[in-house]
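Visitor: Just so we're aligned, residue 35 is where the sequence shown starts under the numbering used here, counting upward by one. All C-beta atoms in this analysis are idealised placements derived from N, C-alpha and C, irrespective of residue type, glycine included.
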Amino acid sequence: MGKPDVLRYTLGFFYDIMEKTDKEGKVMNVIEAIHYRHSYRGKYMDIPIPREDLIKIMQAGLDAPSGCNKQTTSLIAVDNPDVLKQLHSVIEPPVGETAPAAICVLTQRVNAYRDKCFAVQDYSAAIQNMLLAIVELGYQSCWYEGHITDDDKICDKMAQILNVPEDYELVCFLPIGIAENDPIHPKKKAFEERAWFNSFNQSN
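#1: Locate the alpha helix (DSSP H) running through Ser158, then write down its first and last residues.
#2: Is there contact between the segment 195 to 206 and the segment 66 to 77, where contact requires at least three CB pairs shorter than 8 Å?
#3: What distance in whole Å lies between the Cβ atoms of Gly101 and Gln155, which are believed to be in contact at a cut-off of 8 Å?
#4: Helix, strand or coil for Ile210 per DSSP?
#5: Report buried or exposed for Tyr147, applying the criterion of at least 16 other Cβ atoms within 10 angstroms of its Cβ.
#6: Could you round the C-beta distance between Ala213 and Gln174 to whole angstroms and report it? I think they count as a contact, below 8 Å.
#7: List the endpoints of the continuous beta strand (DSSP E) containing Ala136.
#8: Decide yes or no for the touch test of the segment 164 to 173 against the segment 90 to 98: beta carbon pairs closer than 8 Å, at least 3 of them.
#9: Measure the C-alpha to C-alpha separation of Val124 and Pro99 and round it to an integer number of angstroms.
#10: Out of Pro127, Thr183, Gly172, Phe152, point me to the one whose CA is closest to Cys138's CA.
#11: Where does Ala229 land, buried or exposed, given buried means 16+ other C-beta within 10 angstroms?
#12: Start and end of the beta strand (DSSP E) containing Ser108?
#13: Quick check: Gly211 and Pro134, are their CB atoms within less than 7 Å of each other?
#14: How far does the alpha helix (DSSP H) with Gly95 in it reach, from first residue to last?
#15: Using three-state DSSP, classify Ser123 as helix, strand or coil.
#16: Taking DSSP as the reference, what is the three-state secondary structure of Leu196?
#17: State the DSSP-derived secondary structure class of Gln236, mapped to helix, strand or coil.
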């Protein structure tokens with residue numbers, strides 16, 4: 035297959051996707067997902083999340099960039115009500131209690147280039163990817179990190195419930211579900227207050 039054929043095949047593939055998503059009205063593009071994403075702290079509907087959706091969300095996280103390709107981020111999806119109940123029993127104050135599923139983000143502190151560790155950058159990129167995938171699939175979530183890591187006992191207890199090995203750290207909790215209430219979008223600062231061209235605070 036020559037380059038023109040590859041190009042036609044690729045374009046045809048993406049046109050098929052675009053046509054399908056327009057008809058179904060479900061999938062938004064990346065830019066739309068970025069604009070629509072926000073931290074949802076309300077209640078969730080009592081509707082299970084299909085495993086295939088959780089796999090898509092986790093795969094989006096695993097596809098995120100990783101410093102020196104060390105791939106320090108691992109994920110555990112929790113959709114068993116009994117396990118969720120155990121996790122919520124140690125999270126204080128409670129968050130995302132009505133979510134039918136959650137993803138716990140794990141990291142390993144591995145040194146990479148010049149003995150620097152990029153674990154924080156790695157799992158942060160993975161979380162952002164997952165948040166965008168969550169929105170695209172019609173769900174909501176919230177990035178809970180400090181809530182469980184400021185008190186080491188919380189993340190340690192969660193890790194124990196999930197049988198996480200000692201060389202991994204549980205650093206984030208993402209409840210996932212369909213929002214029961216209309217999402218509230220906090221107002222962002224104006225573009226020109228935080229973004230410029232060619233020099234600080236310059237518009238041209």
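Guide: A quick look at the data gives this:
#1: On the sequence shown, residue 158 is found 124 positions in, with the first residue counted as 1. Segment 153 to 170, the alpha helix (DSSP H) holding Ser158.
#2: no
#3: As a first step, residue 155 must be located in the sequence shown, where it is residue number 121. As a first step, residue 101 must be located in the sequence shown, where it is residue number 67. Going by Cβ atoms, the distance from Gln155 to Gly101 rounds to 6 Å, so yes, they are a contact pair.
#4: Here residue 210 is taken as the residue at index 176 of the sequence shown, counted from 1. Three-state DSSP puts Ile210 in a strand.
#5: Here residue 147 is taken as the residue at index 113 of the sequence shown, counted from 1. Exposed, since its Cβ has fewer than 16 Cβ neighbours within 10 Å.
#6: To locate residue 213, count along the sequence shown from 1; it is residue 179. To locate residue 174, count along the sequence shown from 1; it is residue 140. Confirmed, about 4 Å.
#7: Your numbering for residue 136 matches position 102 in the sequence shown. Unbroken beta strand (DSSP E) run through Ala136: 135 to 141.
#8: yes
#9: The residue given as residue 124 occupies position 90 in the sequence shown. The residue given as residue 99 occupies position 65 in the sequence shown. Approximately 32 Å, taken between the alpha carbons.
#10: The residue given as residue 138 occupies position 104 in the sequence shown. Comparing Cα positions, the closest option is Thr183.
#11: Locating residue 229 in the sequence shown gives position 195, counting from the first residue. By the 10 Å Cβ count, Ala229 comes out exposed.
#12: Numbered from its first residue, the sequence shown carries residue 108 at position 74. Counting along the chain, the beta strand (DSSP E) containing Ser108 begins and ends at 107 to 112.
#13: Reading the sequence shown from its first residue, position 177 is the one you call residue 211. Reading the sequence shown from its first residue, position 100 is the one you call residue 134. The answer is yes: Cβ separation under 7 Å.
#14: Within the sequence shown, the letter at position 61 stands for residue 95. Per DSSP, Gly95 belongs to the alpha helix (DSSP H) from 85 to 96.
#15: Along the sequence shown, one-based indexing puts residue 123 at 89. Three-state result, Ser123: helix.
#16: As a working note, residue 196 is residue 162 in the sequence shown. In the structure shown, Leu196 sits in coil (DSSP, three-state: anything other than H, G, I, E or B).
#17: By one-based count along the sequence shown, residue 236 stands at place 202. Reduced to three states, the DSSP call for Gln236 is coil.
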